[in-house]
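Asker: The structure's right below; bear with me while I get my questions together.
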Amino acid sequence: MTYKFEVMTQEQAEDISYNWHYEGEYSFYDMEADEEDLQEFVDPELRGDSKFAVMENSDLIGFFSVTKVNDLTYDIGLGMRPDLTNKGKGLEFSNAGLAFIKKKYNPSKITLSVATFNQRAINVYRKLGFKEVNTFMQDTNGSTFEFMKMEYECVNNL
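If you're matching positions, the sequence shown starts at -10 in the working numbering and goes up one per residue.
See below:
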């Protein structure tokens, strides 16, 4: 598959925020589940140019958020369109995102945080070479949840 990464438009941000709804426990990742996350996503000033729409042909299939932690480290968040999840596409999608981030930012390290219940995603990240750093509790979606911080050491920067 060939994925195209582009700075997210307002229309794309609203589509993801209001139309993407995940099944069962994964509804945790619905943008509307957390007011602060929702505002950061739909407000163009808060979103800035740090969120990228992932396109396959002309279809919006996912997103990557990129935050500079320091000169060497970038933190990411990502999501696939709900109808594409749990179909064996996560590794290819995530790997394409890593390649994009390496090329655009040339980081030494990429970090992410994932809810510990999300073993599907954790397995994908481990296959990509992410290592567990620690776990922590975070207030979100009206409660407190356990998250795992993971990091990826970039070896062959472009």
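All C-beta atoms in this analysis are idealised placements derived from N, C-alpha and C, irrespective of residue type, glycine included.
Between Gly118 and Tyr141, how many whole angstroms is the CB-CB distance? I'm expecting something under 8 Å.
Answerer: Taking the sequence shown and counting its residues from 1, one reaches residue 118 at position 129. Taking the sequence shown and counting its residues from 1, one reaches residue 141 at position 152. Contact holds; Cβ gap of about 6 Å.
Asker: In angstroms with no decimal places, state the Cα-to-Cα distance between Gln(-1) and Asp72.
Answerer: The residue you call residue -1 lines up with position 10 of the sequence shown. The residue you call residue 72 lines up with position 83 of the sequence shown. Taking the straight line from one Cα to the other gives about 22 Å.
Asker: Roughly how many whole angstroms lie between the Cα atoms of Phe82 and Thr129?
Answerer: Taking the sequence shown and counting its residues from 1, one reaches residue 82 at position 93. Taking the sequence shown and counting its residues from 1, one reaches residue 129 at position 140. C-alpha separation (whole angstroms): 26 Å.
Asker: When the Cα atoms are used, what is the spatial distance from Val43 to Met139?
Answerer: By one-based count along the sequence shown, residue 43 stands at place 54. By one-based count along the sequence shown, residue 139 stands at place 150. Roughly 22 Å separates the two Cα atoms.
Asker: Quick check: the Cα distance between Tyr63 and Gln127, rounded to an integer number of angstroms?
Answerer: By one-based count along the sequence shown, residue 63 stands at place 74. By one-based count along the sequence shown, residue 127 stands at place 138. Each residue's alpha carbon lies about 20 Å from the other.
Asker: Taking Ser39 as the reference, which of Phe89, Asn123 and Gln108 has the closest Cα?
Answerer: Translated into positions along the sequence shown, residue 39 becomes position 50. With distances taken between Cα atoms, Ser39 lies closest to Phe89.
Asker: Taking only the alpha-carbon atoms, compute the straight-line gap between Trp9 and Lys98 and give it to the nearest angstrom.
Answerer: The count along the sequence shown starts at 1 and reaches residue 9 at position 20. The count along the sequence shown starts at 1 and reaches residue 98 at position 109. Straight-line Cα distance between these residues: approximately 30 Å.
Asker: Reducing DSSP to helix, strand and coil, say where Asn146 ends up.
Answerer: Taking the first residue of the sequence shown as 1, we reach residue 146 at position 157. With a pLDDT of 45 at Asn146, under the threshold of 50, the modelled position of that residue is not reliable, and no figure is offered here.
Asker: Is there a Cβ from chain B that is less than 9 Å from the Cβ of Ser47?
Answerer: The chain inventory of the structure shown lacks chain B, comprising one protein chain alone.
Asker: For Ser132, tell me which candidate among Tyr114, Leu49, Gly68 and Asp23 has the shortest Cα-Cα distance.
Answerer: Your numbering for residue 132 matches position 143 in the sequence shown. Here the closest residue by C-alpha is Asp23.
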